[in-house]
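Trainee: With numbering that gives the first Met the number 0 as the guide, the letters of the sequence shown map in order to residues 0 to 430.
For glycine and all other residues, C-beta sits at the position ideal for the given N, C-alpha and C.
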Amino acid sequence: MDYLATVLGVEKYLAAHQVDRDEGTVWDISESFHGDWNYYDEISLYAGSAGIIKFYLGLYTSLQDPHYLQIADQGGKYLVYRWQNQRALKKAFSPYAITTGYSGIAFILDELFEFTNQAIYRNTVQEILQSIIDDQTDQGAWSGQIGVVADGGTALLLAKLGPKYQLSGFQAALAKFGDYVLKQQQHDQFGQYYVGLDLKFVGGPLGKFNTGFPLGPSGVAFVLLKIWEITGQEKYRLGTQGIDDFYRKNSLDQTKIVLPHYLPDDEHICYVGYCGGPTGVARYFYQEWQLEHDQRHLELLKASIAGLDYLKAPEERSAGYWELDNYCCSSAGLLQMYIGAYLATKDDNYLEKAKVTAKIIINRASETNGQVKWVQSFERKNPAIKTAALGYYDGAAGIAASLLQLHQLLNHPDTLHIYRMLDDPFPAEVS
Numbered sequence: 000m001d002y003l004a005t006v007l008g009v010e011k012y013l014a015a016h017q018v019d020r021d022e023g024t025v026w027d028i029s030e031s032f033h034g035d036w037n038y039y040d041e042i043s044l045y046a047g048s049a050g051i052i053k054f055y056l057g058l059y060t061s062l063q064d065p066h067y068l069q070i071a072d073q074g075g076k077y078l079v080y081r082w083q084n085q086r087a088l089k090k091a092f093s094p095y096a097i098t099t100g101y102s103g104i105a106f107i108l109d110e111l112f113e114f115t116n117q118a119i120y121r122n123t124v125q126e127i128l129q130s131i132i133d134d135q136t137d138q139g140a141w142s143g144q145i146g147v148v149a150d151g152g153t154a155l156l157l158a159k160l161g162p163k164y165q166l167s168g169f170q171a172a173l174a175k176f177g178d179y180v181l182k183q184q185q186h187d188q189f190g191q192y193y194v195g196l197d198l199k200f201v202g203g204p205l206g207k208f209n210t211g212f213p214l215g216p217s218g219v220a221f222v223l224l225k226i227w228e229i230t231g232q233e234k235y236r237l238g239t240q241g242i243d244d245f246y247r248k249n250s251l252d253q254t255k256i257v258l259p260h261y262l263p264d265d266e267h268i269c270y271v272g273y274c275g276g277p278t279g280v281a282r283y284f285y286q287e288w289q290l291e292h293d294q295r296h297l298e299l300l301k302a303s304i305a306g307l308d309y310l311k312a313p314e315e316r317s318a319g320y321w322e323l324d325n326y327c328c329s330s331a332g333l334l335q336m337y338i339g340a341y342l343a344t345k346d347d348n349y350l351e352k353a354k355v356t357a358k359i360i361i362n363r364a365s366e367t368n369g370q371v372k373w374v375q376s377f378e379r380k381n382p383a384i385k386t387a388a389l390g391y392y393d394g395a396a397g398i399a400a401s402l403l404q405l406h407q408l409l410n411h412p413d414t415l416h417i418y419r420m421l422d423d424p425f426p427a428e429v430s
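What follows is the structure in structure tokens.
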């Protein structure tokens with residue numbers, strides 16, 4: 000199967016939506032969403048320029064065509080312009096969130112600095128990092144929401160770039176946030192866990208919490224492990240105790256880890272993807288295994304991935320695996336996870352699952368005049384609304400980036416290097 004041909008078709012689709020301005024390049028995402036709430040910003044990592052730039056950097060890494068780096072560079076110039084001149088963002092979980100705020104943008108600007116060595120990118124990253132330090136509240140938070148999708152993601156940026164940029168005070172800021180997180184620990188009939196995001200910020204349901212990774216307990220615990228790794232303070236590792244038991248206790252299967260999307264559960268829906276299912280939760284168990292070298296965590300990683308088998312994904316669709324193909328909620332996220340799991344364990348079954356997933360993704364693509372896209376029902380509760388989003392988390396850029404990873408792994412394994420997301424701990428290369 001020609002994964003690269005599909006990827007290049009996606010590039011043509013993105014190019015058709017490219018808008019070149021005096022300030023730099025942006026992509027028109029006005030048709031990416033047709034729902035009745037405000038969508039994410041045009042420069043966000045989730046839906047806009049930052050994520051599309053990441054796709055172009057991956058394409059440049061794979062093909063070494065300077066044209067793709069030039070496009071990424073022009074996109075980066077517009078990110079800098081927005082930070083300097085038009086800083087307000089649409090629908091950000093916090094100003095410094097990963098997927099919707101400036102932590103994600105700083106993450107991409109740092110990648111651009113690595114590729115181009117342009118001081119404007121380094122300087123802008125330094126400014127964003129300093130603003131994060133300056134804007135931390137006395138309580139230790141930024142928005143008050145501790146999940147990866149909000150303040151937890153901000154902490155991950157500090158953990159990754161604080162040492163590199165010799166950022167004064169980043170360790171103290173991480174410790175301060177870690178202490179804030181520890182105070183949010185929940186103890187009830189579901190066990191010992193953390194609520195990553197109050198669901199009122201995403202339209203409910205109220206009185207419940209998400210069980211997954213970016214909005215849920217495993218993501219918060221992932222952040223605590225990172226803070227432990229940076230600060231060496233044992234209390235942050237101890238703060239993750241109970242998370243393994245939470246996932247075992249609330250799993251719908253005794254040998255596989257698969258939880259209802261929300262608890263308390265009265266909908267009986269299990270998501271499969273990064274945003275709320277086993278695909279995301281697997282990241283936490285892999286990080287645990289890497290840091291603590293305990294075989295039990297490897298078994299939990301395998302059990303989480305096996306949760307997809309329980310849900311019969313990717314071969315069969317379900318209420319939590321609806322007509323969608325993207326990185327956030329669906330097949331592209333599964334594909335990247337299977338690739339990561341294969342690189343981590345050398346289990347050929349994961350590579351075969353990656354191939355199956357990629358075939359499903361390609362079979363669902365639409366092609367017109369050489370442009371490739373995916374027509375999706377982005378909103379689970381409004382399946383009749385169809386869009387063909389451009390972004391990394393919601394649409395074509397992230398799907399193509401996932402296919403490109405598999406192409407590289409199968410055809411050029413010796414030169415494979417995956418520039419992973421901030422919250423993705425899986426290996427970058429074949430070892």
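#1: Run through DSSP, which three-state label would LYS372 get?
#2: Hey, quick one: how far does the alpha helix (DSSP H) through ASP134 stretch, first residue to last?
#3: For my contact list, PHE212 and VAL271 are in at a C-beta cut-off of 8 Å; report their separation, rounded to the angstrom.
#4: Cα separation between GLU314 and ILE359?
#5: In whole angstroms, what is the alpha-carbon distance linking PHE169 and VAL355?
#6: Give the DSSP-derived three-state secondary structure of ARG81 in the structure shown.
#7: Report yes if the CB atom of ILE361 is closer than 8 Å to the CB atom of THR5, and no otherwise.
#8: Report all residues from its chain with a CB closer than 7 Å to the CB of LEU421; omit the five preceding and five following residues, and keep chain order.
#9: Give every residue of the same chain whose Cβ lies closer than 8 Å to the Cβ of PHE245, excluding the five residues on either side of it in the sequence, and list them in chain order.
#10: Let me confirm a value: ARG428 is counted as buried when at least 16 other C-beta atoms fall within 10 Å, else exposed. Which label applies?
#11: Start and end of the alpha helix (DSSP H) containing TYR337?
#12: Along the chain, where does the beta strand (DSSP E) containing TYR349 start, and where does it finish?
#13: Please state if the CB of GLY34 and the CB of GLU378 are separated by a distance shorter than 8 Å.
#14: Of all the options HIS267, GLN289, ALA71 and THR344, which has the alpha carbon lying nearest to the alpha carbon of ILE304?
#15: Taking 8 Å as the threshold, find out whether the region 407–421 comes into contact with the region 11–31 through three or more Cβ pairs.
#16: Which residue comes first and which comes last in the alpha helix (DSSP H) that contains SER365?
#17: Just the C-alpha distance for ILE226 and SER365, rounded to the nearest angstrom, thanks.
#18: Between the beta-carbon of TYR45 and the beta-carbon of GLY275, is there less than 8 Å?
#19: Rounding to the nearest angstrom, what Cα-Cα distance links GLN370 and ALA14 in this structure?
#20: Quick check: the Cα distance between CYS328 and TRP373, rounded to an integer number of angstroms?
#21: Cα separation between THR136 and GLY177?
#22: Beta-carbon within less than 8 Å of GLU30's beta-carbon, same chain only, minus the 5 sequence neighbours each way: which residues are those?
#23: Could you please give the first and the last residue of the uninterrupted beta strand (DSSP E) stretch that includes TYR12?
#24: Taking only the alpha-carbon atoms, compute the straight-line gap between GLN17 and GLN335 and give it to the nearest angstrom.
#25: Please classify GLY231 as buried or exposed, where buried requires at least 16 other C-beta atoms within 10 Å of its C-beta.
#26: Measure the C-alpha to C-alpha separation of GLY431 and SER330 and round it to an integer number of angstroms.
#27: For ILE145, which of PHE208, LEU78 and LEU214 has the nearest alpha-carbon?
#28: Could you pull the DSSP bridge partners for ARG379 from this structure?
#29: Is GLN191 helix, strand or coil when you go by DSSP?
#30: Alpha helix (DSSP H) containing GLN407: first to last residue?
#31: Assuming LYS255 contacts GLY306 (C-beta within less than 8 Å), just tell me the rounded distance between them.
#32: Considering only the beta carbon of each residue, do GLY100 and SER93 sit closer than 8 Å?
#33: Given this structure, state the Cα-to-Cα distance separating LEU224 from LEU342, to the nearest angstrom.
#34: Count the other CB atoms within 10 Å of the CB of GLU41; is the residue buried (16 or more) or exposed (fewer)?
#35: Who pairs with THR386 in a beta bridge, going by DSSP?
#36: For LEU290, which residues in the same chain have their Cβ closer than 7 Å to its Cβ, ignoring the five residues on either side in sequence?
Mentor: Straight from the coordinates:
#1: Taking the sequence shown and counting its residues from 1, the one referred to as residue 372 is at position 373. If DSSP states are grouped into helix, strand and coil, LYS372 belongs with the strands.
#2: Along the sequence shown, read from residue 1 onward, the residue named residue 134 stands at position 135. Looking at the DSSP string, the run of the alpha helix (DSSP H) that includes ASP134 is 118–134.
#3: Position 213 of the sequence shown holds residue 212. Position 272 of the sequence shown holds residue 271. Contact flag wrong, Cβ pair sits at about 12 Å.
#4: The residue given as residue 314 occupies position 315 in the sequence shown. The residue given as residue 359 occupies position 360 in the sequence shown. Cα to Cα, the separation comes out at about 8 Å.
#5: Locating residue 169 in the sequence shown gives position 170, counting from the first residue. Locating residue 355 in the sequence shown gives position 356, counting from the first residue. Their backbone Cα atoms lie some 43 Å apart in a straight line.
#6: Taking the sequence shown and counting its residues from 1, the one referred to as residue 81 is at position 82. In this structure, ARG81 counts as helix in the three-state DSSP scheme.
#7: Stepping through the sequence shown from its first residue, residue 361 is reached at position 362. Stepping through the sequence shown from its first residue, residue 5 is reached at position 6. Yes. Within cutoff.
#8: Stepping through the sequence shown from its first residue, residue 421 is reached at position 422. So the list reads ILE97, PHE106, GLY152, LEU155, LEU156 and LYS159, once near-sequence residues are dropped.
#9: Along the sequence shown, read from residue 1 onward, the residue named residue 245 stands at position 246. Excluding positions up to five away in sequence, the list reads PHE189, GLY190, GLN191, TYR192 and PRO216.
#10: Along the sequence shown, read from residue 1 onward, the residue named residue 428 stands at position 429. According to the sequence displayed, residue 428 carries Glu and not Arg. By the 10 Å Cβ count, GLU428 comes out exposed.
#11: Within the sequence shown, the letter at position 338 stands for residue 337. Here the alpha helix (DSSP H) through TYR337 covers 330–344.
#12: For the purposes of this step, residue 349 is taken as residue 350 along the sequence shown, with counting starting at 1. Element bounds for TYR349: not the beta strand (DSSP E) but the alpha helix (DSSP H), 347–362.
#13: For the purposes of this step, residue 378 is taken as residue 379 along the sequence shown, with counting starting at 1. For the purposes of this step, residue 34 is taken as residue 35 along the sequence shown, with counting starting at 1. Yes, the Cβ-Cβ distance between GLU378 and GLY34 is below 8 Å.
#14: Counted from its first residue, the sequence shown places residue 304 at position 305. The candidate whose alpha carbon is nearest that of ILE304 is THR344.
#15: no
#16: Counting from 1 along the sequence shown, the entry for residue 365 is found at position 366. Per DSSP, SER365 belongs to no alpha helix (DSSP H); it is in the beta strand (DSSP E), 365–367.
#17: Locating residue 226 in the sequence shown gives position 227, where the first residue counts as 1. Locating residue 365 in the sequence shown gives position 366, where the first residue counts as 1. The straight-line gap from Cα to Cα measures roughly 43 Å.
#18: Translated into positions along the sequence shown, residue 45 becomes position 46. Translated into positions along the sequence shown, residue 275 becomes position 276. It is not a contact, given that the beta carbons lie outside the stated cut-off.
#19: Stepping through the sequence shown from its first residue, residue 370 is reached at position 371. Stepping through the sequence shown from its first residue, residue 14 is reached at position 15. Straight-line Cα distance between these residues: approximately 9 Å.
#20: On the sequence shown, position 329 is the one that residue 328 refers to. On the sequence shown, position 374 is the one that residue 373 refers to. So the two alpha carbons sit approximately 14 Å from each other.
#21: For this step, residue 136 is matched to residue 137 along the sequence shown. For this step, residue 177 is matched to residue 178 along the sequence shown. Rounded to the nearest angstrom, the two C-alpha atoms are 13 Å apart.
#22: For the purposes of this step, residue 30 is taken as the residue at position 31 of the sequence shown. Correct list, in chain order: THR386 and ALA387.
#23: Here residue 12 refers to the residue found at position 13 of the sequence shown. Looking at the DSSP string, TYR12 is not in any beta strand (DSSP E); the run it does join, the alpha helix (DSSP H), is 2–14.
#24: Looking up residue 17 in the sequence shown gives position 18. Looking up residue 335 in the sequence shown gives position 336. Between GLN17 and GLN335, the C-alpha separation is close to 26 Å.
#25: Here residue 231 corresponds to residue number 232 of the sequence shown, with the count starting at 1. It counts as exposed.
#26: This structure gives no information on residue 431, because the portion of the chain shown stretches from 0 to 430.
#27: To locate residue 145, count along the sequence shown from 1; it is residue 146. Checked all of PHE208, LEU78 and LEU214; the closest Cα to ILE145 is LEU214.
#28: Along the sequence shown, one-based indexing puts residue 379 at 380. Bridge partners of ARG379: none, in fact.
#29: Taking the first residue of the sequence shown as 1, we reach residue 191 at position 192. Looking at GLN191 - three-state DSSP - the assignment turns out to be strand.
#30: Numbered from 1 along the sequence shown, position 408 holds the residue referred to as residue 407. 395–410 is the extent of the alpha helix (DSSP H) around GLN407.
#31: Taking the sequence shown and counting its residues from 1, the one referred to as residue 255 is at position 256. Taking the sequence shown and counting its residues from 1, the one referred to as residue 306 is at position 307. About 5 Å separates the two Cβ atoms, so the contact holds.
#32: Here residue 100 is taken as the residue at index 101 of the sequence shown, counted from 1. Here residue 93 is taken as the residue at index 94 of the sequence shown, counted from 1. Taking 8 Å as the Cβ cut-off, GLY100 and SER93 qualify as a contacting pair.
#33: The sequence position of residue 224 within the sequence shown is 225, counting from 1. The sequence position of residue 342 within the sequence shown is 343, counting from 1. The straight-line gap from Cα to Cα measures roughly 22 Å.
#34: In the sequence shown, counting from the first residue as 1, residue 41 sits at position 42. Classification of GLU41: buried, given that the 10 Å Cβ count is 16 or more.
#35: In the sequence shown, counting from the first residue as 1, residue 386 sits at position 387. GLN375.
#36: For the purposes of this step, residue 290 is taken as residue 291 along the sequence shown, with counting starting at 1. LEU224 and GLU228.
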